[in-house]
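The next block holds one structure in the form of structure tokens; read it before the comments.
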Amino acid sequence: MSKSGFDWDSKKDRENQKKHGVPFAVAQLAFADPRRVIAEDLSHSMSEKRFYCFGWVESGVLTVRFTYRDEVIRIFGAGYWRKGKQIYERENQIHKWTHRKTQSRS
């Protein structure tokens, strides 16, 4: 990742905190995860490329929606979403193991 620095709209940050409970100051930590996954958002904005960053922050995988403007990463959305966690686990080949209790037969 050759870009440096972060930026966001303060109004958008407040809206995101109300809706998803994640301040953008925390969202930027997803980029520090050495196993982060960056993916292009192909379903939005034809005029400006948009991306997702999936990275481990605090207690889970955080999905951050962002774009590059000059040499700055501009964040415009963030939340703990299941789909982001699934992508992160798939790309990092993390497998969830379930332990089943064995029942004794009488």
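Number 91 in my numbering belongs to position 86 of the sequence shown; there are no gaps in the numbering.
Ideal Cβ placement from N, Cα and C applies to all residues, glycine included.
Worksheet item: Can you give, in chain order, each stretch of the alpha helix (DSSP H) that sits fully within the region 11 to 82 and has at least 4 residues?
Response: Qualifying alpha helix (DSSP H) stretches, in chain order: 15 to 25 and 29 to 32.
Worksheet item: Would a C-beta distance cut-off of 7 Å place Phe81 and Arg70 closer than the cut-off?
Response: Yes, the Cβ-Cβ distance between Phe81 and Arg70 is below 7 Å.
Worksheet entry | Segment contact, 8 Å Cβ cut-off, at least three pairs: the region 73 to 89 with the region 14 to 25 | At 8 Å Cβ cutoff, the stretches touch.
Worksheet item: How many Å lie between Ala32 and Asp38 at the Cα?
Response: Rounded to whole angstroms, Ala32 to Asp38 spans 11 Å at the Cα level.
Discussion item. Give me, in chain order, the residues of the same chain whose beta-carbon lies closer than 6 Å to that of Trp61; leave out the 5 immediate sequence neighbours on both sides.
Written reply: Cβ-Cβ distances below 6 Å link Trp61 to Asp38 in the same chain, with the five nearest sequence neighbours on each side left out; the list follows chain order.
Worksheet item: Of the choices Lys88, Ser48, Arg74 and Glu53, whose alpha-carbon is the least far from that of Leu67?
Response: Ranking Lys88, Ser48, Arg74 and Glu53 by Cα distance to Leu67 puts Lys88 first.
Worksheet item: Hey, how far is the Cα of Ile92 from the Cα of Ser9?
Response: Rounded to whole angstroms, Ile92 to Ser9 spans 24 Å at the Cα level.
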